[in-house]
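Worksheet: one structure, shown below.
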Amino acid sequence: MSTPEVEAKQPQASEKVEANQPQASEVEAVEQQSLEQVEFQGIGILKAEVHLTEDRSIIKLGDQEYRLFYIPGRRQKAYNALKKEIETTGNLVQRLIVYPKLFHFPRKEQPHGIGFQLVGFVSDKNTKSGVEEELKDGEFRLCGLWQFIPVCRVPCISIFRNFNDERLAWIKEADPTRKVKFMKASHIPLLWKDAPVRPFRFNPKLEKEEQGKPHFVQVKAKFLPDRDLFGFVEELAPPIEKSPRFLKASKKDKAIAKLAQTESQS
Numbered sequence: 458m459s460t461p462e463v464e465a466k467q468p469q470a471s472e473k474v475e476a477n478q479p480q481a482s483e484v485e486a487v488e489q490q491s492l493e494q495v496e497f498q499g500i501g502i503l504k505a506e507v508h509l510t511e512d513r514s515i516i517k518l519g520d521q522e523y524r525l526f527y528i529p530g531r532r533q534k535a536y537n538a539l540k541k542e543i544e545t546t547g548n549l550v551q552r553l554i555v556y557p558k559l560f561h562f563p564r565k566e567q568p569h570g571i572g573f574q575l576v577g578f579v580s581d582k583n584t585k586s587g588v589e590e591e592l593k594d595g596e597f598r599l600c601g602l603w604q605f606i607p608v609c610r611v612p613c614i615s616i617f618r619n620f621n622d623e624r625l626a627w628i629k630e631a632d633p634t635r636k637v638k639f640m641k642a643s644h645i646p647l648l649w650k651d652a653p654v655r656p657f658r659f660n661p662k663l664e665k666e667e668q669g670k671p672h673f674v675q676v677k678a679k680f681l682p683d684r685d686l687f688g689f690v691e692e693l694a695p696p697i698e699k700s701p702r703f704l705k706a707s708k709k710d711k712a713i714a715k716l717a718q719t720e721s722q723s
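The numbering used here numbers the first residue of the sequence shown as 458 and each following residue consecutively.
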């Protein structure tokens, strides 16, 4: 995904420098084109022992157990195919294509939880998705905003819902509880010692205009079951200051959804 470096031609004394500089519209077009080629994403491959039940499905990585989720209807086909594969072959160890699901809690001292959402699995019978060709077992492609969040000590790659007109239309009609759940970001804690840019950290003492913004990063990372964290492997592209468009719930919708949840529990 990197582009080759081209040595710039130095202008001669008789040349006008302005002639070699791109116009504003050209710069905007280049930025727009580069943003169209990137998106928020978190996906990977785990080779794990799978145990499927109607009430609670889990995967085992060594001594660690993790919940395996799937979306009824949307991912039901993948779940049923995986179940049939295990029943037919008797092989509990499968190479799963998954999304990471992180659960952060209000207190920073409380460890986060992690599970995985089933997307598919690697099999000779299945059509290749391309993910298994790019990633090794345990590796993930993480693309999002590089920042600290208040409830996690480790900096995270925050993965939001990508924007499109169809989703926007649905959100406008959905009730606050459903739209907040749909737009909930996934904050993936990442150990990245020599990151080329610092993770963004909100400073309450600064004005909004002085805060700056998080960079959008695209990396390959390895899941570390012994620490429930992800470790940096390599950059897939240089960090960029402007992120692709994404969906984020408003404070008003979050407040309404929280109130509805409190009332349902009382």
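Just so you know, even glycine gets a beta-carbon here, dropped at the ideal spot from N, CA and C.
Rounded C-alpha distance that separates ILE628 from LYS636: 6 angstroms
Collapsed DSSP secondary structure at ILE606 in the structure displayed: coil
Beta-carbon spacing of LYS399, VAL550 below 9 angstroms: The requested residue 399 does not occur in the structure, where the chain is confined to residues 458 to 723.
ALA717, enclosing alpha helix (DSSP H) - first and last residue: 708-722
Counted within 10 angstroms of its Cβ, other Cβ atoms place ILE571 as buried (16 or more) or exposed: buried
From GLU591, SER580, ALA694, residue whose alpha carbon lies closest to that of THR545: SER580
DSSP bridge partner residues for TYR556 (one or two, in chain order): GLN574
Identity of the residue in GLU720, THR510, PHE617, ASP710 nearest ALA631 by Cα: ASP710
Reference GLY519, options GLU506, HIS644, ASP512, closest by Cα: GLU506
Classification of SER707 by the beta-carbon crowding that lies within 10 angstroms, buried from 16 upward: exposed
Cβ neighbour criterion (16 or more within 10 Å) applied to PHE687: buried
Close beta carbons around GLN722, own chain, < 7 angstroms, minus the five adjacent residues each side: none
LEU648 versus GLU691: straight-line alpha-carbon distance, rounded: 12 angstroms
Top-ranked residue by Cα proximity to VAL495, from PRO653, GLU667, ARG598: ARG598
Short Cβ contact (9 angstroms threshold) for CYS600 with VAL676: yes
Proximity winner among PRO671, GLN533, HIS561, relative to SER643 (alpha-carbon distances): HIS561
PRO653, buried or exposed, once every other Cβ within 10 Å from all chains shown has been counted against 16: exposed
Euclidean distance between Cα positions of LEU716 and THR634: 10 angstroms
Those residues which DSSP pairs with HIS508 across a bridge: ILE515
Spatial neighbours of ALA712 in its chain, beta-carbon cut-off 7 angstroms, leaving aside the 5 residues before and after: none
Beta carbon of PHE497 nearer than 9 angstroms to that of PHE605: no
Contact with chain D by GLN498, beta-carbon distance below 9 angstroms: Checking the listed chains, one finds no chain D in this structure; it contains a single protein chain.
Nearest to ALA678 (by Cα), restricted to the options ASN660, LYS650, GLY530: LYS650
DSSP state of ILE543 mapped onto helix, strand, coil: helix
As assigned by DSSP and simplified to three states, the class of PHE703: strand
Euclidean distance between Cα positions of GLY587 and GLY499: 14 angstroms
For PRO695, three-class secondary structure by DSSP: strand
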